[in-house]
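Quick note: the sequence shown uses this note's numbering, first residue 22, plus one each step.
Every residue, glycine too, gets a C-beta built ideally from N, C-alpha and C.
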Amino acid sequence: MVLSWLTATNNEGHFLFSIHKSRYSSQLLLAPRGVDGSSDGGSNYIGVEFSLSVPVKGMEEIVLDVGSISGRFCSKFQSDAAATSLVEVGLVAPQPEGMDDNLSNRRRKKQKKQNIKDNGIIGLVPIPIGNEGESDLFAIKGTVAHLRCRAYSVIGNPSSDNLDATIEKAYCANSTQPAVDDDHLLIMADVIDAYVHPSYWDPNKMLFRPLTKEREQTVPPYLTFFGSQTFGYVVSSCDVI
Numbered sequence: 022m023v024l025s026w027l028t029a030t031n032n033e034g035h036f037l038f039s040i041h042k043s044r045y046s047s048q049l050l051l052a053p054r055g056v057d058g059s060s061d062g063g064s065n066y067i068g069v070e071f072s073l074s075v076p077v078k079g080m081e082e083i084v085l086d087v088g089s090i091s092g093r094f095c096s097k098f099q100s101d102a103a104a105t106s107l108v109e110v111g112l113v114a115p116q117p118e119g120m121d122d123n124l125s126n127r128r129r130k131k132q133k134k135q136n137i138k139d140n141g142i143i144g145l146v147p148i149p150i151g152n153e154g155e156s157d158l159f160a161i162k163g164t165v166a167h168l169r170c171r172a173y174s175v176i177g178n179p180s181s182d183n184l185d186a187t188i189e190k191a192y193c194a195n196s197t198q199p200a201v202d203d204d205h206l207l208i209m210a211d212v213i214d215a216y217v218h219p220s221y222w223d224p225n226k227m228l229f230r231p232l233t234k235e236r237e238q239t240v241p242p243y244l245t246f247f248g249s250q251t252f253g254y255v256v257s258s259c260d261v262i
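Here is the structure:
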């Protein structure tokens, strides 16, 4: 999913984010875990691991496509056959095959969504995080920072519409009112491991930012998502007037 409502809570890698209860991702984050964090069942609903990937300018369309459809109904990744055929012909299609330029915007979006369901998102490629075999998590190819994270607390009352009664009861016992509103949860998490492209890490100031050469930025700015299909671009300070 595309995550934009996120903020750090300290300088030690802890952060929180808001997520709508209806999101498929919320069900995955609240999946019952064993005491050791495994998915073998149990009544412990924290310790779920997930990954975050930071995209750069030029990946806007991929980000919007990821947010346009739920993983509940289909895989967002292209099949091996579809991905291979694109590589063989060297094609990155500006729009899905079969898209009619004369369609209305609404019908074009509907047709594109169906194409994603059938074939996956062009350019969305999973890659391993860290050393091979270290984790089952993956990041997205082309992104410049990969974070391996773990949820340690959930604030709010999950809806029984999309979560079983056991989970709802467990959380309602510790929460008498919504953390944000009746539709959202607050997920508290921490960063277990982080991997950053060298061109986006300032070792002197220990900062994640695009590096410059002779006061000129030589790499694309990374994206921040404002919501409503609107992006911001994080650039080096030398580019700010």
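Is the segment 26-43 touching the segment 140-158 in the sense that three or more CB pairs, one from each, lie closer than 8 angstroms?
-> Put simply, the segment 140-158 does not touch the segment 26-43. Fewer than three CB pairs are less than 8 angstroms apart.
A172 and L85: beta carbons closer than 8 angstroms?
-> no
Ends of the alpha helix (DSSP H) at S265?
-> In the structure as shown, the chain starts at 22 and stops at 262, and residue 265 therefore has no counterpart that could be examined.
Which ranges would you report for the beta strand (DSSP E) in the segment 119-178 if only whole runs of at least 3 residues count?
-> Within the segment 119-178, the runs of beta strand (DSSP E) at least 3 residues long that lie entirely inside it are, in chain order, 147-149, 159-161, 166-176.
When the Cα atoms are used, what is the spatial distance from P76 to R236?
-> 23 angstroms
What do you get for G16, buried or exposed, if any count of 16 or more other CB atoms within 10 angstroms of its CB means buried?
-> With the chain covering 22 to 262 only, the question about residue 16 has no answer from this structure.
Span of the beta strand (DSSP E) around V75 | 70-75
Pick helix, strand or coil for Y243, following the three-state DSSP scheme.
-> strand
Separation of S47 from V256, as counted between CA atoms | 32 angstroms
Are there 16 or more other CB atoms within 10 angstroms of the CB of F247, so buried, or fewer, so exposed?
-> Per the 10 Å Cβ criterion, exposed.
Sort out for me which residues DSSP pairs W222 with in a bridge.
-> F229
Proximity test, Cβ basis, 8 angstroms: P224 and chain B | Within the model displayed, chain B is absent; a lone protein chain is all it includes.
Member of R169, V165, V146, T164 whose CA lies at the smallest distance from the CA of D157 | Ranked by Cα distance from D157, the first of R169, V165, V146, T164 is R169.
CA nearest to the CA of A160, picked from F71, Q250, S43, W26 = For A160, the closest of F71, Q250, S43, W26 by C-alpha to C-alpha distance is F71.
Cβ atoms of G163 and Y216: under 8 angstroms apart, would you say?
-> no
Which class does S39 belong to by DSSP, given the choice of helix, strand or coil?
-> strand
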